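In this text, residue positions in the sequence shown follow numbering that gives the first Met the number 0: the first is 0, and each later residue adds one.
Note that the Cβ used here is the ideal one computed from N, Cα and C, for glycine as well.
This one's a predicted model, so the numbers in the text were calculated from it and none came from an experiment.
Okay, structure first, notes after.
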Amino acid sequence: MRVGRLLDTYANSDEEMQEEIRKGLKRQLSLVEQFECHYKRKEELMFPIMESYGHDSPPKVMWGVDDQIRELFCEAKTAAEDLSNLGIEQARATFENFAAEFEAMIFKEESILLMILLESFTQDDWLKIAEESDAYGYAIIKPAEKWMPARQSFTEA
């Protein structure tokens, strides 16, 4: 939303303000670009576990779409970096293409992927993901503390 607002403001701004907006765009796009950490964690940590449980199709399809989203982001970032030459309409169009696909993937992750994960993954699977997640970094928010689930011990009665 912030990138969209900056692009909207750019067209009606003077040259000095446009320079500040370009700086703001660069900052905001660097935050958005952190989606790469999330995608890597999803692809490298979650997808293999899904496949081990026989869920082959969602990872293959999502990985392909993730790659398309990465390409769209690169196009949007390049257009924003060359805003002075390409013009606001080109920058806005490339960003809107990225944003539409990116938001669609968020919906798919929440409505499809998460449901599969919640149905299939064990607590040990989630612990493994938590232990290995630092290697991939985090998108925007880093966990404040380490997740330690309560373990139940069962005794024979």
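Ranked by Cα distance from PRO57, the first of ARG26, GLU19, GLU108, THR8 is GLU108. CA-to-CA, the gap between LYS39 and THR8 works out to about 33 Å. Residue burial annotation: ASP13 is exposed, with fewer than 16 other C-beta atoms found within 10 angstroms of its C-beta. Comparing C-alpha distances from ALA92 to each of PHE106, TYR137, MET16, ALA75 shows the shortest one belongs to ALA75.
With contact defined as three or more Cβ pairs closer than 8 Å, the region 111 to 131 and the region 63 to 73 are not in contact. Scanning ALA90, ARG69, TRP146, LEU71 for the CA closest to the CA of ILE20 turns up ALA90. For MET16, the number of other beta carbons within 10 angstroms of its own is below 16, and it is reported as exposed.
GLN122 places its beta carbon less than 8 Å from that of PRO148. Bounds of the alpha helix (DSSP H) holding ALA90 are 87 to 107. When Cβ pairs closer than 8 Å are counted between the two stretches, the region 28 to 42 is seen to touch the region 133 to 142, the count reaching three or more. Within a 10 Å sphere around the beta-carbon of ALA99 sit fewer than 16 other beta-carbons, which makes this residue exposed.
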